[in-house]
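Take a look at the structure:
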């Protein structure tokens, strides 16, 4: 994985406005690749966050809804 969008590559990055998590990396030939996983829940918060932060928000919203 590589640093992208100003975030360290410690875990997938969540883009709430697009309802997916991504990791970025370069393949052996130097091509820039993105692996995307669709997320089942959208959040109103529209800033990038790590997947662990997204999970905490989803759990909190399920508890208080």
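In the numbering used here, the protein residues as written are 416 to 480. We put the CB at the ideal spot given by N, CA and C, even for glycine. Predicted, not measured: the structure shown is a model, and the values here were computed from it.
Spatial distance of residue i from residue j (CA atoms)
i: residue 435; j: residue 429; result: 6 Å
i: residue 462; j: residue 422; result: 12 Å
i: residue 476; j: residue 448; result: 32 Å
i: residue 444; j: residue 451; result: 20 Å
Member of the options whose CA lies at the smallest distance from the CA of residue i
i: residue 425; options: 468, 473 and 476; result: 468
Residue environment, residue i, which counts as buried when at least 16 other CB atoms sit within 10 Å
i: residue 427; result: buried
i: residue 433; result: exposed
i: residue 454; result: buried
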